[in-house]
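There are 2 protein chains.
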Amino acid sequence: MSTIEPRTLKGFRDYLPTAMLAREQLIDTARRVYRSYGFAPIDTPALEYLEILTGKGSDETDKQLYRFQDHGGRDVGLRFDLTVPLARFMAQHSAALGVPFKRYHIGPVWRGENTQRGRYREFMQCDFDTIGTLAPAADVETALVIHDLIQALGFSRFQIRVNNRMVLNGLLDRLGLSDRSSAVLRSLDKLAKIGRDRVAEELAQFAGANPDQIRDVLRLTELTGDNSAILRQLEPLVAGSETGQAGVARLDQLLAAAAAAGVPDNRLRLDVSIARGLDYYTGVIFETFLDDLPTLGSVCSGGRYDNLAALFTKELLPGVGASLGLDRLLAGMEELKMVASASTPATVFIAFFDPQRLVDYLRLAANLRAAGLGVELYPDPKKLGAQLKYAARRGFQTALVAGENEFAAGIVQVKDLATGHSRDVSLAAGIQPLLDALRDSPPPRVRPLP
Amino acid sequence: MSTIEPRTLKGFRDYLPTAMLAREQLIDTARRVYRSYGFAPIDTPALEYLEILTGKGSDETDKQLYRFQDHGGRDVGLRFDLTVPLARFMAQHSAALGVPFKRYHIGPVWRGENTQRGRYREFMQCDFDTIGTLAPAADVETALVIHDLIQALGFSRFQIRVNNRMVLNGLLDRLGLSDRSSAVLRSLDKLAKIGRDRVAEELAQFAGANPDQIRDVLRLTELTGDNSAILRQLEPLVAGSETGQAGVARLDQLLAAAAAAGVPDNRLRLDVSIARGLDYYTGVIFETFLDDLPTLGSVCSGGRYDNLAALFTKELLPGVGASLGLDRLLAGMEELKMVASASTPATVFIAFFDPQRLVDYLRLAANLRAAGLGVELYPDPKKLGAQLKYAARRGFQTALVAGENEFAAGIVQVKDLATGHSRDVSLAAGIQPLLDALRDSPPPRVRPLP
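First to last, the sequence lines map onto chains A and B.
Going by the numbering used here, the residue at position 319 of the first sequence is 319; the numbering climbs one at a time, nothing skipped.
Going by the numbering used here, the residue at position 191 of the second sequence is 191; the numbering climbs one at a time, nothing skipped.
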């Protein structure tokens with residue numbers, strides 16, 4: 001019989017254990033932080049009615065949508081983000097849930113993107129949002145969650161850049177550009193990518209800005225100093241614009257509250273050049289950059305929006321939240337060697353040395369597991385060398401070896417797989433001496449994230 | 001503007017927080033148990049080439065497949081289980097991974113099933129397998145994992161029923177039915193569902209068995225007594241069949257080893273009537289039933305197979321594993337009131353009482369979080385009654401209330417939301433007295449599974 005070639009679709013990938021252990025650890029950390037603030041998990045279907053997905057998406061997401069007819073002849077599509085499903089979800093369930101509603105949602109999304117840009121067609125999103133409140137406290141909390149999250153992932157050198165669309169709108173108002181704000185913000189958003197000169201060109205071309213206006217817009221992005229200094233420079237620039245002044249006041253409050261709650265000043269920076277292209281942001285906006293990987297782009301972005309679900313309900317649902325760029329962050333952590341090379345979640349390997357002693361190995365493993373250790377028992381009584389090679393390849397640092405002599409003497413050999421050094425530990429007085437010995441062993445190659 | 005009706009597709013469902021918290025807890029427990037035995041996580045794409053999915057599936061799964069053409073004109077489909085992707089995955093990566101390879105895989109699968117049978121078209125699978133070994137130790141370990149898993153989920157009254165296809169094949173050999181074993185096993189598998197008489201009819205109709213053969217086959221399912229008694233009755237029935245004798249020997253070894261490793265005798269029961277319809281099982285087979293929900297069906301099933309990936313590689317890949325019926329188990333746990341009614345993962349609610357004190361509430365929350373507590377701060381300084389109603393609805397049992405007087409006095413009120421009773425706790429000496437008070441509080445309505 002000829003076989004079918006085993007392969008994945010272009011733009012899709014398997015996660016092998018090493019990558020998957022890192023992904024699970026990252027997701028666990030995100031969940032722990034989200035939950036510590038009272039965000040609750042939800043999930044929505046991978047497949048939605050096509051009209052749900054195409055209602056709001058841009059032309060680009062519409063083009064990338066995986067769509068088809070199901071068995072019942074319905075037009076359906078695979079979700080391309082977790083925001084449109086959240087909007088549909090809130091419109092459907094907000095009465096039952098009540099607001100404010102704080103949710104996190106971690107799951108795969110699908111986009112038929114051009115893979116030449118290094119993008120995948122299936123990737124994870126990891127979002128949290130507070131829906132149904134306009135309160136500044138929810139903005140502050142969003143900043144705190146981002147901060148705790150990036151810190152919990154093991155980073156100490158990072159910057160959350162914060163801005164407020166109301167400030168930008170106030171400024172554009174003053175410059176006579178408020179009717180072209182979308183185009184201006186889209187161009188401004190590319191500043192880091194394409195540079196000052198090309199943004200100037202775009203402002204002229206797409207926003208119809210004149211040279212004075214272009215100069216003034218760009219000047220906004222060049223305000224310098226610490227957060228208070230920038231706030232002071234902003235105040236005169238928004239004078240006369242109620243929206244702008246309110247935006248500056250909210251930024252002021254946010255920065256002060258976050259600092260008081262423990263966020264170091266250098267980790268939360270006011271940056272008027274952060275615009276975020278998406279039209280639906282209306283208040284605070286966030287982007288997060290790792291100091292050690294400045295070209296990686298933002299690893300956690302979000303902001304406040306006035307109305308999440310206008311397509312699905314007449315109920316006004318304002319909210320604020322952000323999305324952790326899980327795949328991007330994983331790539332960055334790999335680059336920074338923050339990800340373990342082990343391919344096992346267990347820490348102790350037990351060699352199967354004496355075929356007559358299966359029951360003893362099983363008991364030993366069960367006792368160690370009962371004490372909270374992850375233990376892998378090799379299933380075959382193969383040559384010890386082959387078993388230890390297997391263990392080392394998986395990333396184990398410690399193996400337990402016992403044969404007839406050891407069992408008769410009531411001991412077990414604890415072997416350091418890196419050095420080859422062994423020592424005998426007595427089991428006569430129970431499992432505790434072995435647990436102590438394993439605690440002294442070198443840590444497994446799985447670097448636990450803090 | 002008219003709105004789009006917010007709705008999910010037939011057979012699909014949203015997970016609201018209460019259901020999702022239960023699902024996450026169940027998945028966490030499964031992961032913890034799998035990992036404690038050294039099973040490592042993997043993931044594969046939701047979408048695969050259609051030929052991968054239709055190669056092995058039955059006519060029924062082929063009919064239920066969600067299939068379409070992607071943007072590149074490729075025929076693709078959504079995975080309908082995690083076994084076919086595992087076969088493709090192992091054929092592709094076994095050289096890089098090495099064997100034995102122990103993996104778990106938890107993820108959604110899709111089947112366009114008839115929803116009238118109470119089935120969903122999107123559901124989670126939760127599988128673990130040991131690939132690339134014929135060792136009996138791997139069979140034993142599979143039984144131990146199932147046992148630890150069901151116990152860790154909070155059940156004490158359950159039965160893992162075990163059988164071995166080699167025993168069945170040996171028996172059918174003796175009865176002159178070995179050329180019709182598939183048809184016999186498929187009928188036998190329905191015994192619990194359709195009863196003795198209809199199985200007899202099916203054996204005549206589909207397996208062409210004569211009345212003597214039917215009587216002997218059914219007699220097999222009626223062996224009684226404890227495991228040892230059944231083993232003794234089996235021995236003469238397989239005498240002369242090498243396969244059958246080997247099967248009895250392996251069952252004997254499995255039962256003895258599992259007992260020695262700590263599985264109580266009444267939780268692992270030899271049951272010759274367990275056949276499992278799928279052709280690809282060739283050795284030990286498992287099904288798991290909850291004593292308190294006998295009609296729920298098996299909540300964890302699996303077994304040993306000779307060759308996982310024949311469609312994709314000429315490499316022989318034997319294995320053994322099982323699949324936790326996550327959705328079925330969740331339904332059962334709901335029926336047994338083992339699932340919490342809370343919709344928050346946090347345990348402490350902080351009311352936002354004094355609008356001037358946002359920073360103080362944020363600091364209090366941060367201190368409690370640093371001590372490992374989940375804390376939700378209400379974002380708006382609304383009326384206290386409305387806030388406490390919100391907290392009670394979410395399932396919080398404890399609220400912290402503090403206003404100008406409390407802050408001035410350096411205290412906080414700890415309020416029991418069930419009784420309405422409050423007591424003051426001093427913060428003068430730091431956070432510890434408050435942590436002690438919260439530890440004494442009634443536990444949140446989220447019942448932590450052991």
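Glycine residues also receive a C-beta, built at the ideal position from the N, C-alpha and C atoms.
Quick caveat: nothing in here was measured; it's all calculated off a predicted structure.
Q: Below 8 Å on the Cβ atoms is my guess for B/Met451 versus B/Gly107; work out the distance and round it to an integer in Å.
A: The structure shown does not extend to residue 451 of chain B, since chain B is modelled only from 1 through 450, so no value can be given for it.
Q) How do the stretch 336-347 of chain B and the stretch 301-315 of chain B stand: do at least 3 beta-carbon pairs fall below 8 Å, yes or no? A) no
Q: Have a look at A/Ser156 and A/Ile150 and give me their C-alpha separation to the nearest angstrom.
A: 8 Å
Q.
In whole angstroms, give me the CA-to-CA distance for B/Thr288 and B/Leu317.
A. 25 Å
Q: Determine the closest residue to A/Tyr280 out of A/Glu242, A/Gly297, A/Gly321 and A/Ala257, with distance taken between C-alpha atoms.
A: A/Gly321
(Q) So, with DSSP's three-state summary, where would you put A/Lys383? (A) coil
(Q) Does A/Ala391 pass the burial test, meaning 16 or more other C-beta atoms within 10 Å, or should it be called exposed? (A) buried
Q.
Less than 9 Å between CB atoms is the rule here; does B/Phe407 satisfy it with respect to chain A?
A. no
Q: Going by CA-CA distance only, name the one from B/Arg215, B/Leu86 and B/Val162 that's closest to B/Ile230.
A: B/Val162
Q.
Residues in the same chain with beta-carbon distance under 8 Å from A/Gln452, minus the five sequence neighbours each way, listed in chain order, please.
A. Because chain A in this structure spans residues 1 to 450, residue 452 of chain A falls outside the shown range and cannot be described.
Q) Would a C-beta distance cut-off of 9 Å place B/Phe12 and A/Phe68 closer than the cut-off? A) no
Q. DSSP state of A/Leu149, grouped into three classes?
A. helix
Q) Would you say A/Ile160 faces chain B, with C-beta separation under 9 Å as the test? A) no
Q) Which of the residues in the stretch 4-15 of chain B, read from start to end, lie with their CB under 8 Å from any CB of chain A? A) Ile4, Glu5, Pro6, Arg7, Thr8, Leu9, Lys10, Phe12, Arg13, Asp14 and Tyr15
Q: Taking a Cβ distance cut-off of 7 Å, strictly less, list which residues of the stretch 341-370 of chain B are near chain A, in chain order.
A: Ser343, Thr344, Pro345, Ala346, Phe352, Leu358, Val359, Leu362, Arg363, Ala366 and Arg369
Q. In its own chain, which residues sit with a C-beta less than 8 Å from the C-beta of B/Leu449, not counting the 5 before and 5 after it?
A. Here the model assigns B/Leu449 a pLDDT of 34, short of 50, so the residue's position is not dependable, and the following value carries that caveat. Around B/Leu449: Gln25, Leu26, Thr29, Ala152, Leu153, Gly154 and Met338.
**Q.** Residue burial classification, B/Gln92 (beta-carbon count within 10 angstroms, cutoff 16)
**A.** buried
Q: Taking a Cβ distance cut-off of 8 Å, strictly less, list which residues of the stretch 411-422 of chain A are near chain B, in chain order.
A: none
Q) What are the residues of the stretch 79-95 of chain B that lie near chain A, defined by any Cβ-Cβ distance shorter than 7 Å? A) Arg88, Phe89, Ala91, Gln92 and His93
Q | Distance, A/Ala257 Cα to B/Gln356 Cα | A | 11 Å
Q. Using a Cβ-Cβ distance under 9 Å, would B/Arg31 count as near chain A?
A. yes
Q.
Less than 9 Å between the C-beta atoms of B/Glu376 and B/Phe349, yes or no?
A. yes
Q.
Run through chain B and tell me which residues come within less than 9 Å of A/Arg457, C-beta to C-beta.
A. An answer regarding residue 457 of chain A cannot be provided, because it is not within the stretch 1 to 450 covered by chain A.
Q) Using a beta-carbon distance cut-off of less than 9 Å, what residues from the stretch 305-330 of chain B approach chain A? A) Ala309, Ala310, Leu311, Phe312, Thr313 and Lys314
Q | Counted within 10 angstroms of its Cβ, other Cβ atoms place B/Thr130 as buried (16 or more) or exposed | A | buried
**Q.** Under 8 Å from the C-beta of B/Ser36: neighbouring residues of chain A
**A.** Ala346, Arg369, Leu373, Gly374 and Val375
Q. Taking 9 Å as the CB-CB cut-off, is A/Gly302 touching chain B?
A. no
Q. Nearest-angstrom Cα distance between A/Val401 and A/Tyr378?
A. 11 Å
**Q.** Among A/Met333, A/Ala365 and A/Glu404, the one whose alpha carbon lies nearest that of A/Thr18
**A.** A/Met333
Q. Would the beta-carbon of B/Ser298 fall within 9 Å of that of B/Leu220?
A. no
Q | Where A/Glu406 falls, given that 16 or more other Cβ within 10 Å makes a residue buried | A | buried
**Q.** Residues that DSSP places opposite A/Asn227 in a beta bridge
**A.** Paired residues: none, contrary to the question.
Q. So, are the CB atoms of B/Leu86 and B/His105 less than 9 Å apart?
A. yes
Q. Residues bridged to B/Glu451 by DSSP?
A. Within the shown structure, residues of chain B are numbered from 1 to 450, placing residue 451 of chain B beyond reach of any answer.
**Q.** Nearest candidate by alpha-carbon position, reference A/Val84, set B/Phe101, B/Asp148 and B/Arg7
**A.** B/Arg7
Q. Closest Cβ-Cβ distance between A/Gln69 and chain B: below 9 Å?
A. yes
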